[in-house]
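Last residue of the sequence shown: 1375 in the numbering used here, with the numbers rising by one and none dropped. Positions of the beta carbon are idealized from the N, C-alpha and C atoms, including for glycine. The structure displayed is predicted, hence computed values, not measured ones.
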Amino acid sequence: MSGAALGLEIVFVFFLALFLLHRYGDFKKQHRLVIIATLLAWYLCFLIVFILPLDVSTTIYNRCKLAVNSSPAESNGSYVTLAPSKQKCFKPWSYIPDGIMPIFWRVVYWTSQFLTWILLPFMQSYARSGGFSITGKIKTALIENAIYYGTYLLIFGAFLIYVAVNPNFNLQWNQLQTIGIAAANTWGLFLLVLLLGYGLVEIPRSHWNGAKRGYLLMKTYFKAAKLMTEKADAEENLEDIMEEVRKVSESIKYNHPLRKCVDTILKKCPTEYQERMGRNMDDYEDFDERQNSYPSEKSLAKLHKQVIYSVQRHRRTQVQWQILLEQAFYLEDVAKNESSATRQFVHTFHSQEPENKIIQYFYTPTVEWYWECLLRPWFYRVLAVVLATFSVVVVWSECTFFSTKPVLSLFAVFIQLAEKTYNYIYIEMACFLTIFFLSICVYSTVFRIRVFNYYYLASHHQTDAYSLLFSGMLFCRLTPPLCLNFLGLTHMDATISHKNTQPTAYTSIMGSMRVLSFVADGFYIYYPMLVVILCIATYFSLGTRCLNLLGFQQFMGDSEMTSDLIDEGKELIRREKRKRQRQEEGENRRREWKERYGNRDDSTRSRAVHTDQKESSFSETNANRSLSKYTRSNGRTERDRIELLQDAEPLDFNADSVNDDPLESDSGR
């Protein structure tokens, strides 16, 4: 089993990252490099989270071997036996041989850092560029990232000059590398605590509110009103951009050098606008003979960028509106079926997508009623209580993990108890659940936050390339400090435990943080305590209230604006519901008419076809008869004509005149 667990998790995490990326991205429309870069960033971050528990169990076994080797010992198969005390160090089922994990972590870590600090920012600018060639997009990306890269180079250069001038510092390459890692982890830890404080409260609360049907329905009405406003704004913006594209298309004719750029812009427009605008190929007037002011290539690149953004936003709002309508209709059906006496779930509208026959066989209307109306609310409540318990344990451990005597961090207590009995399954499960919960709290916040319309992860393949790349950057910057924080909570980091023991392979590549004592003993210890204040602020919705005061519409139960938007959304949903009901009634009437009169129409049509066949055969028979009669009469006339020609005398062309006969001359006169 050596290395088998590592290989299985590598494959499993790849398909997990691919599944999530397929849910948010669009493989058909987005550039392949964007998909590959985002997939690689997500894959490496998820891989670190899943592999780290194996590193912990392997490290515990290696510590046991070191303790055994310090005394007379004998080897016996899969474990090492200490001679005096007969202590056994069982090899874990997921043991990874020595030398593999350091190389693995080094490749994963430095690849993720290269992605987040160099490649992904460049690809963000490249994806948002409106250039019409690869060279133009690369040039625009380099110009936009010049300030970004220049700032870091300036800070690093100033630091190197200070170290070189000051004789008190004698830093080597390994220490400089450690300082760079510490700087990146410090920035990531600063953002990590902010996201963690929000997720620790919001995730249990969202599941608790998920058991409240009235709450979910009111929030859906609120979202419908907000989304309708955004949808109308997106449509208006698209109309304005398309009008500008139409003017540019009419001004730049087919023989203009920039016509290729205009054609590229037209290809990005929706189909109905392309058919409406056309190419104006009927005007063959030379562009040099007209004294019009034509747009430059730079302005066309800006217009190209606006077209891509407006079309993506319009498509996203349309899809989100349809999804929100389905969600609202379903919640209304749940509220209506709660008082059903038959205990069978009845849908107002049939699903537009074909259902799986296996799911349809097991998930019957009766099972659906029991799940949606009885079991699901209680399941969400129990899950919310479990998640809230985990959140309390995390907050307590974040505030006390620096204490080693006594050990106050609950996660460290659990790991140390399991380490005494060498229960590797329990160690790996405890480590996995801990880091998995921390990752869910942080990553779910990344998926939920929205920075206006610049960064927004929308499901159902509606996320643009810029947001996908930005999420990859955030994941690569948040995951290393997240793992270090987890190792600190479990006291597997020697910097926290203050023990001279073998470190994990992950912390070994980070180097000793003692190079920067104010970071190791100050920021890393006391800054995570800020999570308590952030959790309290999230619990009382202070951020939501501040945004509401600034004019950003937020869902708050005691707000007059929220009540108005709920009423507006309710009216919008009711209007769309009546519209869909009329459509279904029309389809049902057409279906009934076809079923009722379809056979009669078929019999009438077959009778008419049979009559036409008889008439056509009768006409063909008469035509054949007349044709044969005409042929016989025509043949008789032809024979008579041949006989007359044979009896006729030849003409004498040597005569003086053809008309010598007096009768012919008289008739001529």
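Going by DSSP, what residue range makes up the alpha helix (DSSP H) through residue i?
i: D761; result: R738 to N775
i: V1040; result: E1003 to N1043
i: M1216; result: A1211 to M1216
i: P1083; result: R1082 to T1106
i: C1182; result: A1171 to L1195
i: V1073; result: P1071 to Y1076
i: M701; result: Nothing can be reported for residue 701, as the shown portion of the chain is limited to 707 through 1375.
i: R729; result: A710 to Y730
i: R965; result: R965 to K974
i: T1207; result: Where T1207 is concerned, there is no enclosing alpha helix (DSSP H), given that its DSSP letter is neither H nor E.
i: Y921; result: R919 to S957
i: F1051; result: No alpha helix (DSSP H) holds F1051; DSSP gives it neither H nor E.
i: A833; result: L826 to R834
i: I1065; result: K1063 to F1068
i: T977; result: T977 to M983
i: T1201; result: A1200 to S1203
Under 8 Å by Cβ, that's how I've got residue i and residue j pegged, so tell me the actual separation to the nearest angstrom.
i: V1013; j: I958; result: Actually they are not in contact, since the Cβ atoms of V1013 and I958 sit about 15 Å apart, beyond 8 Å.
i: P1187; j: N961; result: P1187 to N961, Cβ: 59 Å. No contact.
i: R905; j: V1148; result: The question names Arg, yet the displayed sequence has Gly at residue 905. Sure, about 6 Å apart at Cβ, within 8 Å.
i: E1032; j: F1051; result: About 15 Å separates the two Cβ atoms, so there is no contact after all.
i: R1154; j: Y1162; result: Not confirmed; about 10 Å, so no contact.
i: R919; j: Y1172; result: Between Y1172 and R919 the Cβ distance is about 37 Å, and since that is not below 8 Å, they are no contact.
i: T765; j: T1210; result: 5 Å
i: I1279; j: Y767; result: So it is not a contact: roughly 59 Å between Cβ atoms.
i: W811; j: R1183; result: In fact, because the Cβ distance is near 17 Å, the residues do not count as touching under 8 Å.
i: Y749; j: F720; result: 6 Å
i: S1046; j: W1075; result: 7 Å
i: N851; j: F828; result: 6 Å
i: L1241; j: V1099; result: Note that residue 1241 is Cys in the sequence shown here, rather than Leu. With a Cβ gap of about 13 Å, C1241 and V1099 do not count as contacting.
i: E1134; j: P803; result: Contact doesn't hold; Cβ gap of about 17 Å is too wide.
i: S1016; j: L944; result: 5 Å
i: T1196; j: R769; result: Incorrect: roughly 14 Å between the Cβ atoms, too far for contact.
i: A1007; j: G836; result: 4 Å
i: Y1245; j: V907; result: 5 Å
i: M1216; j: I716; result: Between I716 and M1216 the Cβ distance is about 22 Å, and since that is not below 8 Å, they are no contact.
i: D761; j: M807; result: 6 Å
i: A930; j: T1023; result: Going by Cβ atoms, the distance from A930 to T1023 rounds to 12 Å, so no, they are not a contact pair.
i: V1152; j: L901; result: 7 Å
i: Q1028; j: A1164; result: Incorrect: roughly 13 Å between the Cβ atoms, too far for contact.
Which residues does DSSP pair with residue i in a beta bridge?
i: R1156; result: Y1162
Quiz item: When the Cβ atoms of the segment 728 to 747 are set against those of the segment 769 to 776, are three or more pairs found closer than 8 Å?
Solution: no
Quiz item: Using 8 Å as the threshold, is the segment 1288 to 1303 in touch with the segment 961 to 978, meaning 3 or more CB pairs across them?
Solution: no
Quiz item: Does the count of Cβ pairs from the segment 1037 to 1056 and the segment 1259 to 1276 closer than 8 Å reach three?
Solution: no
Self-check item: Inter-stretch contact (C-beta, 8 Å, three-pair minimum) for the segment 1224 to 1238 and the segment 1095 to 1106
Solution: yes
Quiz item: Which whole runs of the alpha helix (DSSP H) in the segment 1116 to 1160 are 4 residues long or more, in chain order?
Solution: 1116 to 1127 and 1130 to 1154
Quiz item: Taking one C-beta from the segment 1079 to 1093 and one from the segment 725 to 735 each time, how about it: are there three or more such pairs within less than 8 Å?
Solution: no
Quiz item: Taking contact to mean at least 3 C-beta pairs separated by less than 8 Å, is the segment 749 to 759 in contact with the segment 840 to 848?
Solution: no
Exercise. Could you say if the segment 1121 to 1131 and the segment 793 to 808 meet the contact criterion of at least three C-beta pairs nearer than 8 Å?
Key: yes
Practice problem: Decide yes or no for the touch test of the segment 1189 to 1197 against the segment 1137 to 1144: beta carbon pairs closer than 8 Å, at least 3 of them. | Solution: yes
Practice problem: Ignoring anything shorter than 4 residues or poking outside the segment 1216 to 1302, list the alpha helix (DSSP H) runs there in chain order. | Solution: 1237 to 1245 and 1248 to 1255
Quiz prompt | Meets three-Cβ-pair contact criterion under 8 Å: the segment 911 to 928 and the segment 1164 to 1181 | solution = no
Exercise. Kindly confirm or deny that the segment 1112 to 1119 and the segment 1238 to 1255 touch, where touching means at least three C-beta pairs closer than 8 Å.
Key: no
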